[in-house]
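Q: There's a structure below that I have some questions on.
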Amino acid sequence: ALFSVKELAKEKLPSRAPELERHYEYRIADLQTRIEELNVDLARRRYWPRLFLAGALRYDNTDYLGNSASFDAQDQWSWNALLTLEYNFWDWGIRRRDVRIAKYRLESQVRTLDGALLGTQEDLTRLMLDLGQRASEYRLNKELLSMETQNYAFLEGEYRMGRISFLDIVTG
Numbered sequence: 177a178l179f180s181v182k183e184l185a186k187e188k189l190p191s192r193a194p195e196l197e198r199h200y201e202y203r204i205a206d207l208q209t210r211i212e213e214l215n216v217d218l219a220r221r222r223y224w225p226r227l228f229l230a231g232a233l234r235y236d237n238t239d240y241l242g243n244s245a246s247f248d249a250q251d252q253w254s255w256n257a258l259l260t261l262e263y264n265f266w267d268w269g270i271r272r273r274d275v276r277i278a279k280y281r282l283e284s285q286v287r288t289l290d291g292a293l294l295g296t297q298e299d300l301t302r303l304m305l306d307l308g309q310r311a312s313e314y315r316l317n318k319e320l321l322s323m324e325t326q327n328y329a330f331l332e333g334e335y336r337m338g339r340i341s342f343l344d345i346v347t348g
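Under our numbering, the first residue of the sequence shown carries the number 177, and numbering increases by one thereafter.
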């Protein structure tokens with residue numbers, strides 16, 4: 177390894193790549209997969225007959241004001257119910273094909289998204305390798321700067337004492 181975990185903690189760099197599940201690409205892929213699953217479910221629902229039930233209840237009390245009869249004498253209650261069955265017998269297999277097409281689209285979408293997520297994981301891994309390499313380069317450059325500063329201070333001291341010429345400072 178080019179770097180240790182302690183050095184990374186000291187420089188406030190992450191020690192590992194972020195989790196793929198927290199990446200936006202993963203969230204997008206998850207939502208797109210859910211959409212395709214719902215499309216398959218919708219196609220399956222359209223394949224089977226649909227049954228609808230509707231009902232109503234009504235209360236009516238006419239002429240209750242100014243009438244000599246009691247309030248309950250003219251009560252009227254009514255109700256109705258409607259049961260509807262909807263199905264197309266002559267669809268020539270279109271709905272069955274719609275279900276298969278939705279399943280194939282889901283499988284294709286899942287394969288495509290898996291490939292994209294593998295690419296994202298690869299990018300994250302490459303990013304972490306680059307980050308580690310840059311951290312190592314940074315440490316080496318920092319050490320080199322320190323050594324160059326010491327070297328220049330030494331040459332400047334030698335120049336002030338007259339042991340070396342100005343040309344040695346400039347070229348050294």
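Just so you know, even glycine gets a beta-carbon here, dropped at the ideal spot from N, CA and C.
Use the C-beta contact count for Ala230: other C-beta atoms within 10 angstroms, 16 or more gives buried, fewer gives exposed.
A: By the neighbour-count criterion, in which a residue is buried when 16 or more other Cβ atoms sit within 10 angstroms of its Cβ, Ala230 is exposed.
Q: Among the candidates Arg339, Met323, Tyr235, Leu214, whose CA atom is the shortest distance from the CA of Asn256?
A: Tyr235
Q: Which residues mark the beginning and the end of the beta strand (DSSP E) in which Tyr235 is found?
A: Boundaries of the beta strand (DSSP E) around Tyr235: 226–237.
Q: Would you kindly check if the distance between the Cβ of Glu212 and the Cβ of Leu282 is under 8 Å?
A: yes
Q: How long is the line joining the alpha carbons of Ile345 and Gly291, rounded to whole angstroms?
A: 58 Å
Q: Any beta-carbon of chain B closer than 8 Å to the one on Asn264?
A: The structure shown contains no chain B; it holds only a single protein chain.
Q: Around the Cβ of Ala232, are there at least 16 other Cβ atoms within 10 angstroms (buried) or fewer (exposed)?
A: Result: exposed.
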